[in-house]
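Counting with this note's numbering, you get residues 65 to 213 for the letters of the sequence shown. Where is the CB? At the ideal position from N, CA and C, for every residue including glycine. Have a look at the structure below, then the notes.
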Amino acid sequence: MSAPLLTAGWRERVALPDWGIKSIKAKLDTGARTSAIHVGEIEDLPDGRIRFEVVTRERPTRKSVWVEAEPHRESLVKPSSGEVQQRIVCRTRIRLGPIEREIDVSLVCRKGMLCRMLIGRMALQGVAVDPNSTYLLTKKPNRSTKETS
């Protein structure tokens, strides 16, 4: 018998502790295979690792965290725009409510999107997503405590 599913809202707050991100707004998207996060800039480092800027908030003031990580793989992705893109994918731990696990995250420009991060179905195993609800596993941010690093 399988364990009961945890129910999450279509929008939640997640932490990426290995990257120093305490809270970022994320859209849970069962239609997407891999998770994605908004990055502003990516730099190659001499040791084969990369350094990238994770933009956790654009307004009212821009807030970001610089992360150094090892690229896990590169992937061809066909987003909703229909244009195939090559993306760098890194692995990191994610915390969503009581769940903590390692996931693949593609680095992409999500500027103008409602959420800085998209959580794909590979990261949502054991989780049911309620499309009519938000913040079932995490607290809804109030106006004074938006995304933090």
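Inset, instruction - Would you mind reading off the limits of the beta strand (DSSP E) that contains residue 87? - result: 85 to 93 is the span of the beta strand (DSSP E), which, as asked, contains residue 87.
Inset, instruction - Taking residue 66 as the reference, give the member of 113, 125, 189 and 91 with the closest Cα. - result: Residue 66 has its Cα closest to that of 189, out of 113, 125, 189 and 91.
Inset, instruction - List the endpoints of the continuous beta strand (DSSP E) containing residue 181. - result: From DSSP, the beta strand (DSSP E) with residue 181 extends over 181 to 184.
Legend entry - Neighbourhood of residue 109 by C-beta distance below 8 Å, restricted to the same chain and skipping five residues each side: Excluding residues up to 5 positions away in sequence, 115 and 132 lie with their Cβ nearer than 8 Å to the Cβ of residue 109 in the same chain.
Inset, instruction - Find the nearest neighbour of residue 69 within the set 162, 82, 154 and 86, judged by alpha-carbon distance. - result: It is 162 whose Cα lies nearest to the Cα of residue 69.
Legend entry - Reduced DSSP category for residue 209 - H, G, I as helix; E, B as strand; rest coil: The pLDDT assigned to residue 209 is 48, lower than 50, so where the model puts this residue is not dependable; a value taken from the coordinates is nonetheless given after this. Three-state DSSP puts residue 209 in coil, outside helix and strand.
Legend entry - Alpha-carbon to alpha-carbon, residue 111 and residue 90: Each residue's CA atom was taken as its position, placing residue 90 and residue 111 some 31 Å apart.
Inset, instruction - Determine the direct distance from the alpha carbon of residue 179 to that of residue 94, and round the result to whole angstroms. - result: Each residue's alpha carbon lies about 15 Å from the other.
Inset, instruction - Please state whether DSSP places residue 81 in a helix, a strand or coil. - result: Correct three-state label for residue 81: helix.
Inset, instruction - Would you give the residue range spanned by the beta strand (DSSP E) that residue 111 belongs to? - result: That residue, residue 111, is in no beta strand (DSSP E); it is neither H nor E in DSSP.
Legend entry - Status (buried if at least 16 other CB within 10 Å, exposed otherwise) for residue 181: By the 10 Å Cβ count, residue 181 comes out buried.
Legend entry - residue 164 versus residue 85: straight-line alpha-carbon distance, rounded: Taking the straight line from one Cα to the other gives about 14 Å.
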